[in-house]
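So the mapping is simple: my numbering equals the position in the sequence shown, first residue as 1, plus 317. Ideal placement from N, C-alpha and C gives every residue a C-beta, glycine not left out. From a predicted model like this one, the values you see are computed outputs, not experimental measurements. Worksheet: the structure to be examined is printed underneath.
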Amino acid sequence: MKTIFACDQIKMTIGDRVILNGISFQINEGDCIGIVGDNGAGKTTLMKMITKELVPDAGRVIWHWKDIRIGYLRQSVEQELENWDQLSGGERTKKRLIQIWESSPQLLLLDEPTNHLDQAGVQWLIRELNRFQGTIMLISHDRYFLDQVVNRIIEIKRGESEGYRGNYSQYREEKNRRWESLSHQYREEEKERMKIEREIRQLRTWSAKGHRDSTKKDGLKEKYRTRAKKKDKRVKAQIYRLEKLKGQGLKKPVEEQKISFEFAAEARGGKRIIEARDVTKRFGEKIIFKKSSFTILSGERIGLIGPNGCGKTTLIRSLLGEFDLDEGKLHLSPSAKAAVLHQDVLDLEEEKTVLGFFDSHDRERRGKLQTLLTNMGFSKTMMNQKLGSLSLGERTRLKVAEMIVKENNLLILDEPTNHLDLHSREMLEKTLMIYTGTLIVVSHDRYFLEKLCEKLLVFEDGKIQKIEMNYREYLARTEKNVVREGCETEESLRIENQIAEVLSRLSLAKPESEEYRAMDEAFQKLLRKKRESI
318 MKTIFACDQI KMTIGDRVIL NGISFQINEG DCIGIVGDNG AGKTTLMKMI
368 TKELVPDAGR VIWHWKDIRI GYLRQSVEQE LENWDQLSGG ERTKKRLIQI
418 WESSPQLLLL DEPTNHLDQA GVQWLIRELN RFQGTIMLIS HDRYFLDQVV
468 NRIIEIKRGE SEGYRGNYSQ YREEKNRRWE SLSHQYREEE KERMKIEREI
518 RQLRTWSAKG HRDSTKKDGL KEKYRTRAKK KDKRVKAQIY RLEKLKGQGL
568 KKPVEEQKIS FEFAAEARGG KRIIEARDVT KRFGEKIIFK KSSFTILSGE
618 RIGLIGPNGC GKTTLIRSLL GEFDLDEGKL HLSPSAKAAV LHQDVLDLEE
668 EKTVLGFFDS HDRERRGKLQ TLLTNMGFSK TMMNQKLGSL SLGERTRLKV
718 AEMIVKENNL LILDEPTNHL DLHSREMLEK TLMIYTGTLI VVSHDRYFLE
768 KLCEKLLVFE DGKIQKIEMN YREYLARTEK NVVREGCETE ESLRIENQIA
818 EVLSRLSLAK PESEEYRAMD EAFQKLLRKK RESI
């Protein structure tokens with residue numbers, strides 16, 4: 318198998334922080350590589366070095382294919398499509414991806430390609446990547462997407478890289494197996510080290526006794542002196558063994574930080590906590606949803622699903638009284654104590670500190686807060702850090718901490734995994750699985766929905782319908798519809814992209830030229846094709 322490029326001992330420091338510290342790996346023809354790691358681990362930095370946007374402090378990227386065609390999707394598509402203000406984030410991502418495919422790349426570099434894509438968009442992208450005949454390197458926090466697409470994982474952690482064969486789930490299994498194996502080896506080495514140290518202490522005791530006895534006047538001085546010298550030699554030999562073990566032995570395997578979320582909430586009940594009767598919401602002439610009725614009971618775990626712009630966030634804001642409905646009634650039980658995590662985590666007072674965010678002056682409560690924040694990944698040095706300097710992921714975790722300190726029986730989470738790295742997502746899942754209150758979740762993270770939500774509110778064709786099945790069961794039932802929708806969207810976007818390219822070439826050609834007539838004919842054909850696809 319041909320090697321396309323290799324990273325050789327890549328090092329990068331930003332300020333006084335070492336981002337990458339000797340990263341080495343190679344990418345072969347036909348690979349589909351997933352780059353994973355915590356937020357700030359250096360994944361995007363590494364990709365920018367591969368595209369030559371950044372130069373490493375040390376090491377190099379060695380290209381074996383000299384004139385390879387590269388398609389690169391940056392994490393922030395908006396920067397590349399400033400004139401497409403009328404498009405949603407998902408539409409911009411799709412447009413840019415189709416532009417990349419039109420250039421017939423041999424190597425795809427994709428930085429968070431599922432950002433802004435709804436479920437149908439993710440399925441479309443999975444199909445396209447699985448059909449792609451070239452080589453792919455991608456960064457993603459979407460576990461379902463990684464499972465469906467990649468055949469290798471490269472993890473970046475504490476500045477170093479480690480490779481794994483298989484998809485994301487296989488990587489997690491192998492990572493756990495390696496950790497268990499290393500931990501076992503480390504424990505065995507620790508036992509051996511302690512045994513040697515005990516032997517050294519015992520030999521030194523015997524040696525000291527031998528030297529003391531050699532000074533006695535009983536005619537056995539030489540015998541005791543000889544024994545003492547032998548013990549001294551054995552001590553030196555054991556010290557050598559100990560130093561060798563310390564120098565060549567394993568370092569203690571670092572366990573993943575346990576980010577602990579602990580909620581206090583009332584036990585599950587069965588009473589109605591939310592009831593919607595014939596609810597309708599419009600913005601101008603556009604109907605968001607209409608004549609929809611449903612009931613959510615206390616303790617239910619509901620996932621809200623539907624395409625971007627279907628009204629999921631609008632329903633949440635209506636429930637919270639931020640929007641007035643045009644028709645119908647949306648009732649929230651007076652016993653409901655709701656906490657909401659919005660998509661936007663930028664609405665923090667930036668001059669406040671992490672601890673100051675909670676306005677707690679009680680010493681005991683402040684101590685509990687510090688323990689909670691430590692468990693959630695905030696170091697002691699971060700406690701007095703200003704909120705304006707926090708990353709988006711850190712802001713999200715801080716808002717979750719705020720929800721934890723209050724005894725809420727209704728949690729409404731609008732894209733809670735946005736900005737969270739994979740490890741933080743998994744720890745949040747584990748805690749929400751034991752939460753006993755009512756849970757309402759909007760998320761594009763399929764794994765997150767599948768693990769947490771027992772029932773669904775489905776937004777489709779302007780209606781909201783409660784479905785008494787989990788997300789996996791629902792997708793199995795509607796798989797054909799999702800595939801068809803993805804194919805139609807793909808064809809429509811391809812036509813639009815081709816029209817844009819033809820118009821661009823028309824604007825440069827002279828009206829009397831042969832090229833202009835050919836482009837005009839192509840433009841008319843594309844218009845007819847577009848009308849037929851509607």
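Straight-line gap, residue i to residue j (C-alpha atoms, nearest Å)
{"i": "residue 760", "j": "residue 634", "result": "16 Å"}
{"i": "residue 830", "j": "residue 838", "result": "13 Å"}
{"i": "residue 595", "j": "residue 641", "result": "14 Å"}
{"i": "residue 665", "j": "residue 515", "result": "56 Å"}
{"i": "residue 397", "j": "residue 646", "result": "Low confidence applies here, because residue 397 scores a pLDDT of 48, under 50, leaving its location unreliable and the question unanswered by this model."}
{"i": "residue 399", "j": "residue 416", "result": "Only weak support exists for where residue 399 lies, its pLDDT of 49 falling under 50; the coordinates are left without a value."}
{"i": "residue 793", "j": "residue 480", "result": "33 Å"}
{"i": "residue 488", "j": "residue 470", "result": "7 Å"}
{"i": "residue 444", "j": "residue 391", "result": "20 Å"}
{"i": "residue 812", "j": "residue 746", "result": "40 Å"}
{"i": "residue 800", "j": "residue 762", "result": "Legend: pLDDT at residue 800 = 49, less than 50; position of this residue unreliable, value from coordinates given subsequently. Going from the Cα of residue 800 to the Cα of residue 762 covers about 18 Å."}
{"i": "residue 432", "j": "residue 558", "result": "54 Å"}
{"i": "residue 720", "j": "residue 604", "result": "33 Å"}
{"i": "residue 842", "j": "residue 419", "result": "18 Å"}
{"i": "residue 379", "j": "residue 373", "result": "12 Å"}
{"i": "residue 336", "j": "residue 495", "result": "24 Å"}
{"i": "residue 422", "j": "residue 462", "result": "21 Å"}
When the options are compared against residue i, the one with the closest alpha-carbon
{"i": "residue 769", "options": "786, 779, 416, 640", "result": "786"}
{"i": "residue 652", "options": "367, 644, 754", "result": "754"}
{"i": "residue 386", "options": "326, 668, 424", "result": "424"}
{"i": "residue 729", "options": "654, 330, 686", "result": "654"}
{"i": "residue 483", "options": "747, 474, 460", "result": "460"}
{"i": "residue 698", "options": "709, 720, 671", "result": "671"}
{"i": "residue 643", "options": "598, 349, 703, 603", "result": "598"}
{"i": "residue 438", "options": "618, 624, 388, 378", "result": "624"}
{"i": "residue 669", "options": "336, 687, 705", "result": "705"}
{"i": "residue 517", "options": "495, 718, 553", "result": "553"}
{"i": "residue 777", "options": "711, 734, 626", "result": "626"}
{"i": "residue 521", "options": "497, 500, 556, 501", "result": "556"}
{"i": "residue 525", "options": "388, 550, 592, 348", "result": "550"}
{"i": "residue 331", "options": "346, 371, 322, 750", "result": "371"}
{"i": "residue 756", "options": "454, 613, 336", "result": "613"}
{"i": "residue 358", "options": "476, 523, 513, 565", "result": "476"}
CB contact flag (residue i, residue j, <8 Å)
{"i": "residue 464", "j": "residue 630", "result": "no"}
{"i": "residue 320", "j": "residue 343", "result": "yes"}
{"i": "residue 506", "j": "residue 426", "result": "no"}
{"i": "residue 457", "j": "residue 616", "result": "no"}
{"i": "residue 606", "j": "residue 779", "result": "yes"}
{"i": "residue 861", "j": "residue 430", "result": "Residue 861 is absent from the structure shown; the chain starts at 318 and stops at 851."}
{"i": "residue 360", "j": "residue 473", "result": "yes"}
{"i": "residue 649", "j": "residue 636", "result": "yes"}
{"i": "residue 376", "j": "residue 325", "result": "yes"}
{"i": "residue 710", "j": "residue 356", "result": "yes"}
{"i": "residue 381", "j": "residue 322", "result": "yes"}
{"i": "residue 784", "j": "residue 791", "result": "yes"}
{"i": "residue 466", "j": "residue 447", "result": "yes"}
Per DSSP, the bridge partner or partners of residue i
{"i": "residue 864", "result": "Since the first residue of the chain shown is 318 and the last is 851, residue 864 is not available in this structure."}
{"i": "residue 345", "result": "320"}
{"i": "residue 782", "result": "775"}
{"i": "residue 722", "result": "Paired residue(s): none; residue 722 is not in a bridge."}
{"i": "residue 494", "result": "Answer is none; residue 494 lacks a bridge partner."}
{"i": "residue 459", "result": "None; residue 459 has no bridge partner."}
{"i": "residue 335", "result": "330"}
{"i": "residue 353", "result": "472"}
{"i": "residue 603", "result": "600"}
heavy atom of the ligand MN below 7 Å from residue i C-beta
{"i": "residue 338", "result": "Of the ligands one can find in the structure shown there are none, so the ligand MN has no counterpart to examine."}
Range covered by the beta strand (DSSP E) that runs through residue i
{"i": "residue 323", "result": "320-331"}
{"i": "residue 378", "result": "375-380"}
{"i": "residue 480", "result": "477-482"}
{"i": "residue 648", "result": "644-649"}
{"i": "residue 299", "result": "Missing from the structure shown is residue 299; the chain here goes from 318 to 851 and no further."}
{"i": "residue 658", "result": "655-658"}
{"i": "residue 755", "result": "755-759"}
{"i": "residue 426", "result": "424-428"}
Element boundaries [alpha helix (DSSP H), containing residue i]
{"i": "residue 360", "result": "360-367"}
{"i": "residue 437", "result": "436-448"}
{"i": "residue 389", "result": "Note, residue 389: premise wrong, no alpha helix (DSSP H); beta strand (DSSP E) at 387-390."}
{"i": "residue 769", "result": "763-769"}
{"i": "residue 745", "result": "739-749"}
{"i": "residue 621", "result": "First-last for residue 621: 618-622, but that is the beta strand (DSSP E), not the alpha helix (DSSP H)."}
{"i": "residue 730", "result": "Unbroken run through residue 730 is the beta strand (DSSP E), 727-731; no alpha helix (DSSP H)."}
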